[in-house]
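Take a look at the structure below.
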Amino acid sequence: MDNEAIRLMEVDEDVLAHLKTGDRLTIRGEKAESAVLCTTSQTFDIKEAETSNSLLMVPTCIFPDSLEDGEDKIIYRQVCAVLHDYLELKPCKPRLRKLRHLLEENTYCGKAYEGDEGHRGSKYTFPDLCQLVQASDAEIQHAINALPVCDIDGYVRLLDFDYLQRVLFSIADLVTENSWSLDSVPLNICLEELHELYPKDVIKRVLEFYGNRQNKVPKGKMNTGPSGDNGDGAIYKLDEDKVCRFFAEVFLRPTEKFNFKEFLQTWQDSVPEGMNTSLHQIEGLALVDRSSKPEVVKFFPVEDMPEEIGDRFDHLFRAREKWTLEDIRPYIIDLTTDKTGVSALLTKYARASLQNGIKVYNSRKPLS
Amino acid sequence: MVHMVVQIPGSPDACPDWAMIELQGDLQSRQDNSLHSKFIGDLHFTKKGVPVLIIGHHILYGKIVTLEKPFVVMSKNINTKANDSMETDQEMDMQKPKGIDYLVKAIVKKKLVFKTRPKPIIANVPRKI
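Respectively, the protein sequence lines represent chains A and B. Going by the working numbering, the first sequence opens with residue 71, and the numbers climb by one from there. Going by the working numbering, the second sequence opens with residue 4, and the numbers climb by one from there.
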């Protein structure tokens with residue numbers, strides 16, 4: 071009998087189903103305390119549970135349904151272990167902050183810079199990232215798709231912001247020069263015109279990220295370039311919200327504060343003709359301070375904020391003492407789960423009060 | 004960074020069901036500390052399917068409980084891909100699955116729970132002496 075060799079783990083039907091199809095589960099973690107268990111698509115916190123009861127493990131069936139009624143038999147069964155603890159699984163959010171940190175170690179700024187000092191950091195392939203990030207493969211893939219990331223020579227590379235700006239501006243210039251409609255930007259011409267400046271994969275990825283692939287070629291449009299069947303004949307519709315948000319970031323990043331009125335004007339003037347800017351596009355990216363005179367807007371991206379709920383709220387309340395629901399919502403929505411919504415989070419981590427007839431939230435504890 | 008694989012080795016359908024008996028408290032041996040190879044007790048089932056456990060001179064009544072969340076029994080696999088460099092023990096390599104760190108040996112879906120206080124079994128004492 072060997073109590074050391076065996077571990078019990080409580081699983082739900084989902085995890086069991088995964089195992090029964092032959093799938094592998096992985097335990098990923100930095101230290102034992104913060105380990106997570108991942109199926110192909112979900113992440114769970116692993117906790118050790120102790121019980122004062124004794125759990126006797128018997129490697130065979132001992133239940134009456136396997137015996138015939140009335141039979142007088144003595145069957146010998148061995149208890150192979152007596153346990154007092156087991157592992158519990160609790161579904162949790164994937165820990166993806168690290169993914170961004172890893173990708174930021176060596177962002178892509180163009181072929182010319184690849185060998186230089188700023189680019190000696192580690193590069194990671196998708197399997198590398200799966201080994202290092204505490205999340206299931208599917209969740210990691212999903213997170214990568216949501217970032218301006220490009221596969222370059224087999225490595226997953228985050229496109230540097232300034233570099234991205236140049237690529238997107240080049241595409242925007244082409245749109246203006248050729249008088250294309252924002253709804254039909256042809257990939258093949260972009261590749262033709264720009265491939266000497268940027269790798270084709272990058273151009274394609276930028277169009278995919280800031281646009282939506284269209285299935286049909288609009289009537290009356292001339293396709294001057296070769297429309298091969300290699301997917302290069304694709305047409306993209308530029309996504310107004312994503313493009314405008316990007317342009318807002320271009321202005322906000324380098325400055326600490328921007329005069330709100332001036333920002334709005336500059337922002338609208340900068341976006342491609344035909345696009346309209348709107349405040350909802352900068353939710354989770356910028357914060358408007360209406361209490362200052364003049365009103366200002368500052369760069370305040372949610373991606374740079376702590377992942378852990380308590381830390382996130384502390385960070386937000388340090389930046390601003392009182393928040394309206396409308397203002398704080400974009401900064402906590404990524405923390406919600408199926409069970410816990412925005413209201414539930416606020417009830418737990420903030421204190422509500424009325425200010426000038428409007429409901430505001432502030433911290434539950436004193437902050438330095 | 005820890006990265007361990009948990010998997011059912013071989014055919015997942017062939018993964019056996021184990022049983023589990025839950026007792027309040029600890030089992031102790033009269034002679035020494037080890038329970039190894041020691042007889043524990045007798046398990047009976049009444050006609051109605053109630054499990055009865057006799058340990059020493061105590062009798063316990065329990066019930067069969069289907070677990071809300073099943074358990075899996077895992078054992079650590081010592082011969083994983085990290086040991087590939089040891090080519091001497093070819094036979095052992097072939098038996099133990101590579102690349103798996105925790106083997107799922109069995110699934111536990113039901114348990115016998117004994118939560119009532121053990122009653123001592125007293126031999127029949129005649130009323131009249």
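Ideal Cβ placement from N, Cα and C applies to all residues, glycine included. A quick note: this is a predicted structure, and the numbers were derived from the prediction, not measured.
- Within the DSSP secondary-structure output, A22(B) pairs in a beta bridge with V128(A).
- Three or more Cβ pairs closer than 8 Å define a contact, and the stretch 270-279 of chain A falls short of that threshold against the stretch 372-387 of chain A.
- Close partners of P129(A) in chain B (Cβ separation under 9 Å): P19, W21, A22, V76, K108 and A109.
- Taking a cut-off of 8 Å for Cβ pairs, the stretch 221-240 of chain A and the stretch 141-150 of chain A do not touch, as fewer than three such pairs fall below it.
- In the DSSP assignment, F117(B) falls outside any alpha helix (DSSP H) and within the unbroken beta strand (DSSP E) covering Y105 to F117.
- About 20 Å separates the beta carbon of Y233(A) from that of C314(A), a gap too long to meet the 8 Å contact definition.
- In this structure, DSSP gives I210(A) a helical state, which the three-state scheme calls helix.
- Taking E118(A) as the centre and dropping the five residues before and after it, the same chain places the C-beta of D155 and L157 closer than 7 Å to its C-beta, in chain order.
- Distances from the CA of P269(A) to each of W250(A), S249(A) and C220(A) were compared; the closest alpha carbon is that of C220(A).
- Under the DSSP assignment, L107(A) falls outside any alpha helix (DSSP H), being part of the beta strand (DSSP E) whose first and last residues are V106 to C108.
- Shown here, P121(B) sits in coil according to DSSP, grouped into three states, outside any helix or strand.
- Contact between the stretch 400-408 of chain A and the stretch 6-14 of chain B is absent: fewer than three C-beta pairs spanning the two stretches fall below 8 Å.
- Residue contact with chain B for N123(A): present (Cβ-Cβ distance below 8 Å to some residue of chain B).
- K72(B) has a beta carbon lying within less than 8 Å of a beta carbon in chain A.
- By the CB criterion at 8 Å, L46(B) and I210(A) fall outside the cutoff.
- The residues S206, in chain order, have a CB closer than 6 Å to that of Q112(A) in the same chain once the five nearest residues on each side in sequence are set aside.
- Neighbours of Q10(B) in chain A, taken as residues whose beta carbon is under 8 Å from its own, are L89, G92, D93, R94 and L95 in chain order.
- As DSSP reads the structure, T69(B) sits in a beta bridge with K113(B).
- Contact residues of the stretch 54-71 of chain B toward chain A are I67 (C-beta to C-beta distance below 7 Å).
- Selection Q235(A), I402(A) and K168(A) evaluated against C200(A) yields K168(A) as nearest (Cα-Cα).
- Restricting attention to N80(B), K66(B) and S37(B), the CA atom closest to the CA of I24(B) is found in K66(B).
- For the stretch 152-169 of chain A, the residues whose beta carbon sits under 8 Å from a beta carbon of chain B are, in order, V152 and Y156.
- Just so you know, the alpha carbons of F48(B) and H88(A) end up roughly 34 Å apart.
- The beta carbon of Q31(B) does not come within 8 Å of any beta carbon belonging to chain A, so the residue lies off that interface.
- Assigned with DSSP and collapsed to three states, I352(A) falls in helix.
- For the pair of segments examined, the stretch 68-78 of chain B was found to touch the stretch 103-123 of chain B: the number of CB pairs separated by less than 8 Å reaches three.
- Rounded to the nearest whole angstrom, the C-alpha separation of R382(A) and L166(A) is 15 Å.
- With respect to D311(A), Q284(A) sits apart: the two C-beta atoms are not nearer than 8 Å.
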